[in-house]
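Numbering (my numbering), first residue to last: -15 to 231. Report on the following structure.
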Amino acid sequence: MVHLPQRCEALVLRLTSYGESDVIVTLFTADHGLQKGFAKSARKSRKRFGAALEPFTKAVFQWKKGRGSFWLLQDSELISSHLGLRSDLHHLALASYGVELVSLLLEEGEPHQIIYELLCSFLDYLEQGGDGLIARLLFELRLIYLLGYMPHLLHCSECLKIFTNEPVRFDAQRGGSLCLDCAGSTGISVDLGTIGSLARSLKVTYRQFDGFLFGPKTLQQAGLILNQVLQQVLPREPKSLKFLSQL
Ligand SMILES: [Zn+2]
């Protein structure tokens, strides 16, 4: 059976050298989700792939179906190299973290168009010198939401009481926010303002990172909340997180 070449836009997430001159490329595409591509002789001749085979690059790839689930990459047309990320170590570490979260949380071959757009917008915002803390908060929050892992926020996850003005605790293992009666001594204390901000942020289009403003307390508490949720759903701790926390 002859396979005709196909084309699609993709982000390059990871490159692994294979043999003497080949490269295995982890791609993220809107239509086909995560995919592994095989770039033959990519390290010998840069003619076919040019600058497209770098992490965080967005390009149109031409590919043929290979054996198993691998794509045989034929050539590429660069759209954006996201070169600006490389001028700021913190932004570069955040970009690596975002890419690693997507690689860890998505199944290979499952299409996730909105998450593809989210990751592209996250990288674009960081490249343009956006606020790293805001970028991380919005990216983690939206990813958790879009994958269906969103905890209860504005009401108690056990007695379902809607919060109005009372103290709230948060425990991802017990489903999210808890009133003091239900919480007992578990979870962390969070402000209603913080969980309100998280809920409101989800009402904005996933591509938008500009125009958000969070106070230091909200950023700190939101970080703890999102970290608890991610620890529950990630198969292992992201390697890039260690590097990020050292910066
Ligand atoms: Zn309760």
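The beta-carbon is built from N, C-alpha and C at its ideal position, and this holds for glycine as well.
Discussion item. Can you determine whether any heavy atom of ligand 1 sits closer than 7 Å to the C-beta of residue 145, and answer yes or no?
Written reply: Yes, ligand 1 has a heavy atom inside 7 Å of this Cβ.
Worksheet item: For the putative contact between residue 110 and residue 78, defined by C-beta atoms under 8 Å, what is the C-beta separation to the nearest angstrom?
Response: 6 Å
Worksheet item: Going along the chain, which residues of its own chain have a beta-carbon closer than 6 Å to the beta-carbon of residue 173, five neighbours each way excluded?
Response: 153
Worksheet item: alpha helix (DSSP H) containing residue 64: first to last residue?
Response: Residue 64 -> not in any alpha helix (DSSP H); beta strand (DSSP E) instead, spanning 55 to 64.
Discussion item. Once DSSP output is grouped into helix, strand and coil, what is the label at residue 70?
Written reply: helix
Discussion item. Going by beta-carbon coordinates alone, are residue 161 and residue 141 separated by less than 8 Å?
Written reply: yes
Worksheet item: In the structure shown, what three-state DSSP assignment does residue 16 receive?
Response: In the structure shown, the three-state DSSP call for residue 16 is coil.
Practice prompt. Taking the CB atoms as reference points, tell me whether residue 231 and residue 74 lie closer together than 8 Å.
Written response: Contact: yes.
Worksheet item: In the DSSP assignment, what are the bridge partners of residue 92?
Response: 18
Item to complete: Indicate whether the contact test is met: 3 or more Cβ pairs, each with one atom in the segment 27 to 35 and one in the segment 1 to 8, closer than 8 Å.
Response: yes
Worksheet item: Comparing alpha-carbon positions, which option in 158, 159 and 139 lies nearest residue 151?
Response: 139
Worksheet item: When we look at the beta-carbon of residue 97 and count the other beta-carbons within 10 Å, is it buried (16 or more) or exposed?
Response: exposed
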